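Just so you know, we're using the working numbering here: the sequence shown kicks off at 27 and counts up by one. Built from N, CA and C at the ideal position, the CB exists for glycine as well. Small disclaimer: the values here were computed from a predicted structure and weren't measured. One structure is given below, encoded as structure tokens.
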Amino acid sequence: RFPSDVDVGAFFAEALMDLRPWDQWTPKGEAQPGTDEILATLDAALKLNPNHPFANHLYIQAVEASPHPERAIAAANRLRNLQPGLAHNTHMPSHIDIRTGRWLDAVETNLKAVAADERYRKLFGPAKGFLNVYVAHNRHMLAYCAMMSGQRELAMKHIRAMVAELPADFLKENALQGEGFVAMPLEVMVRFGLWDEILAEPDQYADYMPFTRAFHHAARAIAYAAKGDTANARKAQSVFLDRAKLVPKEASLGNNSCEMILGVVIPMTEGEILVAEGKVASGINQLRTAIRMEDALKYDEPPGWLIPVRHSLGAVLMKQQRFAEAEQVYRDDLARLPGNGWSLVGLAESLRKQKKNPDEVARIQAKFEKVWAKADLMITSSCLCQPKA
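So, in structure tokens, the structure goes:
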């Protein structure tokens, strides 16, 4: 009845998307039922008004999990500065940035979103109700993008701020969906190899935070393993596994259940410890199991697990001089997370060790230097998780 009304088109597309929330594409990249109609509706709406904020927002969400997220680059670029006072729409282009390897753009976009949140807070006071999740999401994405581009201080600053800004009463009331946010500073510390800082973190989490109480000890186990202290790694792992059993099956974090996320963390932790114990073959098998579980997570941005397990596996393979296998691991990771600095540095080194493709190595190195331009640490490996030789 209203084919020329952009608002009607956008709301119709949203209604179609709500029939399959965050599920427009299969894990194999095939369109789910209704996805083609969503895209056709949004294409028509954006032809009528390319700067329609909601239509651009929905277009980003409709294609970000697809095999061709670059289809939404134009929508992302239009939306980027369209509503600077609206933090969520300011943040939305980063969903396409990270799927197309624009990690530094994603950082800047989320810095603008966080600034918009801070302006809102000055005008109207702290966030209330579900708005807390949107505010947390902006810092969460910012920290993740900083992790992938080597910006340790920035990542730690914003992941700590994210937790600090979540009201205790909100967390308690929404613990089944939100308490996992409290564990994320530990994830960032694992990413950046802050082993002593992890071991210094107090275990002072409320009883309604079972996932965080469990993950605290997973992080400790990984830290001890990285320091070569496998006896204490096993002790921490034992506490982790006991506490993991107490996480309710209905608990979730974003689009994934905490049970699914623990399904990644459990074999990853075991793999790290086994490698540190010198049981490399068994450790590699556990890391491959963790990768299968990671790949089975539902699409989410940031992902349910912030530290790609392929980064750890690649580092182990490199240390074992299995350079061709490591090369494939890094190529697989870059297909999933284009342009991330950790796999770029690993891929370049794996090719150097094989004396392969010097021109490709130079291109990869240039990409790494670009994404690492604002980093505050230098790396020679895709993971800081292995004991020093």
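query                                                                                                                              : result
Beta-carbon spacing of leucine 332, tyrosine 231 below 7 Å                                                                         : no
Residue from Asn158, Arg178, Asp131 and Leu130 with nearest C-alpha to alanine 190                                                 : Asn158
Sufficient close CB pairs (3 or more, under 8 Å) joining the stretch 172 to 185 to the stretch 246 to 265                          : no
Distance between beta carbons of serine 338 and methionine 294, contact taken as under 8 Å                                         : 7 Å
Where histidine 83 falls, given that 16 or more other Cβ within 10 Å makes a residue buried                                        : buried
Beta-carbon contacts of arginine 106 that lie in its chain and below 8 Å, excluding the five residues immediately before and after : Thr116, Pro119 and Thr135
CB contact flag (phenylalanine 266, alanine 247, <7 Å)                                                                             : yes
Leucine 343 to cysteine 284 span [Cα, whole Å]                                                                                     : 29 Å
Separation of alanine 244 from isoleucine 224, as counted between CA atoms                                                         : 10 Å
Cβ contact check for the stretch 303 to 310 and the stretch 352 to 364: 3 or more pairs under 8 Å                                  : no
Expected contact under 8 Å - CB spacing of glycine 55 and proline 93 to nearest Å                                                  : 4 Å
Residue burial classification, glutamate 199 (beta-carbon count within 10 angstroms, cutoff 16)                                    : exposed
Among Leu272, Ala388 and His121, nearest to glutamate 327 - alpha-carbon criterion                                                 : His121
Per-residue burial, lysine 382 [other beta carbons within 10 Å of its own, 16 or more giving buried]                               : exposed
Residues near arginine 389 in its chain [Cβ-Cβ closer than 7 Å; skip 5 each side]                                                  : none
Proximity test, Cβ basis, 7 Å: glutamine 230 and chain C                                                                           : Looking for chain C here will not work: only one protein chain is present.
Host alpha helix (DSSP H) of glutamine 391 (start-end)                                                                             : 384 to 397
Through-space distance from methionine 215 to glycine 35, alpha-carbon basis                                                       : 44 Å
Same chain only: Cβ atoms within 8 Å of arginine 165, ignoring 5 sequence neighbours per side                                      : Asn136, Val140, His184, Ile185, Ala187, Met188 and Glu191
7 Å Cβ cutoff met for glycine 340 and serine 408                                                                                   : yes
Uninterrupted alpha helix (DSSP H) stretches inside the stretch 100 to 183 (no shorter than 4 residues)                            : 113 to 117, 120 to 123, 129 to 150 and 157 to 174
N-terminal and C-terminal residue of the alpha helix (DSSP H) that lysine 324 is part of                                           : Looking at the DSSP string, lysine 324 is not in any alpha helix (DSSP H), and its letter there is neither H nor E.
Alpha helix (DSSP H) segment containing threonine 295, residue limits                                                              : 284 to 302
Chain-order list of residues whose beta-carbon lies under 8 Å from that of proline 47 (same chain, five-residue window excluded)   : none
Aspartate 459 versus Gln87, Thr52, Val32 and Ala70, residue with shortest Cα-Cα distance                                           : Only positions 27 to 415 of the chain appear in the structure, and residue 459 is not among them; the question remains open.
Integer-rounded CB distance, given that leucine 272 should sit under 8 Å from phenylalanine 241                                    : Not confirmed; about 12 Å, so no contact.
Which residues DSSP lists as bridging leucine 279, in chain order                                                                  : Asn282
Beta-bridge partners of alanine 201, as assigned by DSSP                                                                           : For alanine 201, which the question treats as bridged, DSSP gives no partner whatsoever.
Cβ-Cβ distance between alanine 133 and histidine 78 below 7 Å                                                                      : Rather than alanine, the amino acid found at residue 133 in this sequence is valine. No. Outside cutoff.
Exposed unless 16 or more other CB atoms sit within 10 angstroms - verdict on glutamine 263                                        : buried
Euclidean distance between Cα positions of alanine 102 and lysine 345                                                              : 40 Å
Run of the alpha helix (DSSP H) containing tryptophan 376, from where it starts to where it stops                                  : Note that residue 376 is serine in the sequence shown, not tryptophan. Residues 367 to 380.
Sequence-distant residues of its chain with Cβ nearer than 6 Å to glutamate 296 (five each side left out)                          : Gln312
Status (buried if at least 16 other CB within 10 Å, exposed otherwise) for alanine 361                                             : exposed
Length of the line joining the Cα atoms of glycine 151 and valine 161                                                              : 13 Å
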